[in-house]
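Participant: If you scroll down you'll find the structure; I have some questions about it.
In structure tokens, the structure reads:
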């Protein structure tokens, strides 16, 4: 229709569905909205203009506790799949660390899930499945650090998607006052700056992961400043901010 603006927001550029849509003779969008610079670079979306609108934190659901008192050292949130790295995280967890895993129960790789459950049981790390938003928010608030361990499966399968296009759980954690720990490269590097908004390590290095986890455990005094930086950065990644950037790109 005359005057209509077609917008496509890409939340999963690496999926088979995303590429299938890219191959179809669909109308070219006026604006392609992307959740990160990393995702924009590999997106199959066809558009006359592309803009990074950021991730989608729902600030009504994910917010810090009025009086923070976390009881856990580390949290991991995500689907139980090899490229999410829960097993690698558990293998590098420092002795005495209080950790927790959270994710959906419907893993498409039951063998991997079973391996994670066995290792978690060995270490005394609880796993919670299918938490509603309210309980997930409390899990974030209860963790000093939320950890991301993406494993690049493209070494084994050239058709595999990149391990992370953004890391939305990390942003949700930051909005709740949990400090992120993630690789220093990739999508999460767009909002996690080492020593300011979180802690980073060399991607793919198990030794570097072990070192940063141990450092986080051994140096509790710096956590408060990192938490403030994480909260400030998360405010830039809300849906309200994304809508503002999209409206600006549309010239409205």
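Residue numbers (our numbering): 1 to 252.
Idealized CB from N, CA, C, for every residue including glycine.
Quick check on the DSSP output: what are the complete alpha helix (DSSP H) runs of length 4 or more inside the stretch 49–105, in order along the chain?
Facilitator: Complete alpha helix (DSSP H) runs here, min 4: 86–91.
Participant: Assuming residue 97 and residue 74 form a contact by the criterion Cβ under 8 Å, report the distance between their Cβ atoms to the nearest whole angstrom.
Facilitator: The sequence position of residue 97 within the chain shown is 97, counting from 1. The sequence position of residue 74 within the chain shown is 74, counting from 1. With 8 Å as the limit, residue 97 and residue 74 qualify as a contact, their Cβ atoms being about 6 Å apart.
Participant: Would you call the stretch 204–220 and the stretch 109–119 touching, i.e. three or more CB-CB distances under 8 Å?
Facilitator: No contact exists between the stretch 204–220 and the stretch 109–119.
Participant: So, with DSSP's three-state summary, where would you put residue 228?
Facilitator: To locate residue 228, count along the chain shown from 1; it is residue 228. Helix at residue 228.
Participant: Given the structure, does residue 62 come close to the ligand ATP, in the sense that its CB is under 7 Å from one of the ligand's heavy atoms?
Facilitator: Ligands displayed in this structure: none; no statement on the ligand ATP is therefore possible.
Participant: Alpha carbon to alpha carbon, how far is residue 140 from residue 206?
Facilitator: Translated into positions along the chain shown, residue 140 becomes position 140. Translated into positions along the chain shown, residue 206 becomes position 206. About 24 Å.
Participant: Would you call the stretch 64–72 in contact with the stretch 38–54, where contact means no fewer than 3 C-beta pairs closer than 8 Å?
Facilitator: Contact between the stretch 64–72 and the stretch 38–54 is absent, because fewer than three Cβ pairs lie under 8 Å.
Participant: Apart from the five residues on each side of it in sequence, which residues of its chain come closer than 6 Å, Cβ to Cβ, to residue 237?
Facilitator: On the chain shown, position 237 is the one that residue 237 refers to. Counting only Cβ-Cβ distances below 6 Å, and skipping sequence neighbours, we find 54, 55, 57, 171.
Participant: For residue 45, collect the residues of the same chain with a Cβ closer than 6 Å to its Cβ; drop the 5 residues on either side in sequence, then sort them by chain order.
Facilitator: Here residue 45 refers to the residue found at position 45 of the chain shown. Contacts found: 8, 10, 32.
Participant: Taking the alpha-carbon of residue 134 as reference, which of 225, 188, 60 has the nearest alpha-carbon?
Facilitator: If you number the chain shown from 1, residue 134 lands on position 134. For the residues 225, 188, 60, the minimum Cα distance to residue 134 belongs to 60.
Participant: For residue 23 and residue 3, I'd like the C-alpha separation in whole angstroms.
Facilitator: The residue given as residue 23 occupies position 23 in the chain shown. The residue given as residue 3 occupies position 3 in the chain shown. Using only the alpha carbons, I get a separation of about 26 Å.
Participant: Going by DSSP, which residues form a beta bridge with residue 129?
Facilitator: Counting from one through the chain shown, the residue named residue 129 turns up at place 129. 103.
Participant: Could you tell me the alpha carbon to alpha carbon distance between residue 116 and residue 145, rounded to whole angstroms?
Facilitator: The residue you call residue 116 lines up with position 116 of the chain shown. The residue you call residue 145 lines up with position 145 of the chain shown. Near 20 Å, if we compare the C-alpha coordinates of residue 145 and residue 116.
Participant: With H, G and I counted as helix, E and B as strand and the rest as coil, what does DSSP make of residue 203?
Facilitator: For the purposes of this step, residue 203 is taken as residue 203 along the chain shown, with counting starting at 1. Three-state DSSP puts residue 203 in coil, outside helix and strand.
Participant: Give the DSSP bridge partners of residue 183, in chain order.
Facilitator: The residue labelled residue 183 in the question sits at position 183 within the chain shown. Answer is 201.
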